[in-house]
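*Asks:*
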Amino acid sequence: MKRKFESDNIHISWRNIDETINRISKMINDHERFLTEIKRTSGDGLQGIRNEYKSLENFKRTLDNDDKEIQKIANCHSVILRLYPTADSNNEIRNRIKDLNHRWKILNETVHETLKHLKYMLSIHGDFQLTQDSLLLWLTDLDVLLTNLEYLSEAPTNEKIRQLHDMDREIQEKQAKIEYVQKCANYLLNKTVDARGLTINMNELDKFLQQLKNLTKRIRKLKQNLMNPSDRHLDLMSSVRISTSPTHKRLASPSPPRSRSPNRYRRNRDRFLCSYDKIELDDCRQRADKLLADFEDILLQMNADFRSKEEIFHSPIPMGAQIENLSMDFTYNRILTSTRRKIDALREFILQIKQELGAYL
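In the UniProt record's numbering, the protein residues as written are 1 to 361.
This is the structure in structure tokens:
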């Protein structure tokens, strides 16, 4: 009677563990199929990589919960063998459980390695995008400073050359970041991640490198012009003429070596002064027109910037998945930086207008 009871218990326990093995085997099959479908249904480009990463994160939590079932069946098998050592004499159940454990281990390792790889790739891509955007913003500011130095600045020649040297040094300091962005881009291309979206970024990178090359040429050309002796002489003559006011008292020319009539000398000198004053007044008027035109341009640009700020303030607040795209959106920062530069330039124009046109206002 006791032997029959033990046999019935072994049969019930064995049947339960067999059903559990079949159920877990089907569960692992479903997980393996789902893992294959994730990559196919996530989509292309950077957004597809992000979708795949999110899906795998959720899937990893599901695997962590199902791991309890794997541990449970192993424990049940150990208990049965401890109570009934001869129950699995041919190791059939043991081999089936061993096969399940092996498949489960491979599944978890695949998910773990894929998540690690995608996270690293997204990190590299994020660094690439942020660094590239910061470099584009820096290049825009540098171009504004160089343009002001080329056409608007009234600084002495030595000061302009010093500022150009500072620009050269700043470009050299940025070379490490530029090389890092290029390495990131090449790495991502070799890994064929975000192929479609990254092509646009590579085009922007190529455009940035070309703009930087052109800006370097402009700096070198302006520096050569300023360091040319003839150009320095012309610049000196120009600065002397601009600084000379029509209200300043002029010194008379030295007496001529031969005698002249006082009336004739006075008439010639008066005609010369009148014609020179007229020329200088025309130059001042043209300078005033140019300053006021530039002043108006900056006011119009600042007005457009403020309108852009108002549109950003009135736009809906991003929520959910939209927040992830904010790290690559530098539009508002660009507007703030650009407006700050224009305000500084506007102050310089006001000072120039007061200095050069104060006598006529």
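Backbone N, C-alpha and C define an ideal beta-carbon position, used for all residues, glycine too. As the structure is a computational prediction, the values presented were derived from the model and not from experiment.
For the segment 116-123 against the segment 48-67, do three or more pairs of beta-carbon atoms, one drawn from each stretch, fall closer than 8 Å, so that the two count as touching?
*Replies:* yes
*Asks:* Using 8 Å as the Cβ pair cut-off and three pairs as the minimum, do the segment 206-223 and the segment 128-145 touch?
*Replies:* yes
*Asks:* Given that a residue counts as buried once 16 or more other Cβ atoms are within 10 Å of its Cβ, and exposed if not, what is Gln163?
*Replies:* buried
*Asks:* According to DSSP, is Ala155 part of a helix, a strand, or is it coil?
*Replies:* coil
*Asks:* Ordered along the chain, which non-local residues of its own chain (more than five positions away) have a Cβ less than 7 Å from that of Ser25?
*Replies:* Leu100
*Asks:* Throw me the rounded Cβ distance for the Lys98 and Leu135 pair, which I believe falls under 8 Å.
*Replies:* Not really, about 55 Å apart at Cβ, beyond 8 Å.
*Asks:* What residue does the alpha helix (DSSP H) around Lys174 start on, and which one ends it?
*Replies:* Where Lys174 is concerned, there is no enclosing alpha helix (DSSP H), given that its DSSP letter is neither H nor E.
*Asks:* How is the alpha helix (DSSP H) around Ser134 delimited, first residue to last?
*Replies:* Glu92 to Thr147
*Asks:* Kindly indicate which three-state DSSP category Ser25 falls into: helix, strand or coil?
*Replies:* helix
*Asks:* Please list the terminal residues of the continuous alpha helix (DSSP H) segment that includes Ser42.
*Replies:* Where Ser42 is concerned, there is no enclosing alpha helix (DSSP H), given that its DSSP letter is neither H nor E.
*Asks:* With Asp127 and Cys184 assumed to form a contact (beta carbons below 8 Å), what rounded beta-carbon distance in angstroms separates them?
*Replies:* 6 Å
*Asks:* Within 10 angstroms of the Cβ of His233, are there 16 or more other Cβ atoms? Answer buried if so, exposed if not.
*Replies:* Unreliable positioning characterises His233 in this predicted model, as indicated by a pLDDT of 45, which lies under 50. The coordinate reading is nonetheless provided below. Its Cβ having fewer than 16 others within 10 Å, His233 is exposed.
*Asks:* Tell me whether Asn214 sits in a helix, a strand or coil according to DSSP, three-state version.
*Replies:* helix
*Asks:* Determine the contact status of Trp104 and Ile28, defining contact as a CB-CB distance below 9 Å.
*Replies:* yes
*Asks:* Under the rule that 16 or more other beta-carbon atoms within 10 Å means buried, what is Leu149, buried or exposed?
*Replies:* buried
*Asks:* Spatial neighbours of Ile73 within its chain, please: CB distance less than 7 Å, with the 5 preceding and 5 following residues excluded, ordered by chain position.
*Replies:* Ile17, Thr20, Ile21, Ile24 and Ile97
*Asks:* Rounding to the nearest angstrom, what Cα-Cα distance links Ile219 and Asp344 in this structure?
*Replies:* 22 Å
*Asks:* Here's a check: name, in chain order, each residue in its chain whose Cβ is nearer than 7 Å to the Cβ of Glu154, leaving out the five neighbours to either side.
*Replies:* Gln352
*Asks:* Hey, how far is the Cα of Glu348 from the Cα of Lys290?
*Replies:* 14 Å
*Asks:* Is it the case that the Cβ atoms of His31 and Leu63 are separated by a distance below 9 Å?
*Replies:* The answer is yes: Cβ separation under 9 Å.
*Asks:* Measure the alpha-carbon distance for Ile106 versus Tyr180 and round it to whole angstroms.
*Replies:* 36 Å
*Asks:* Report all residues from its chain with a CB closer than 7 Å to the CB of Met202; omit the five preceding and five following residues, and keep chain order.
*Replies:* Ala185
*Asks:* Mind checking Leu83: buried by the 16 CB within 10 Å criterion, or exposed?
*Replies:* Leu83 should be labelled exposed.
*Asks:* Where does Ile93 land, buried or exposed, given buried means 16+ other C-beta within 10 angstroms?
*Replies:* buried
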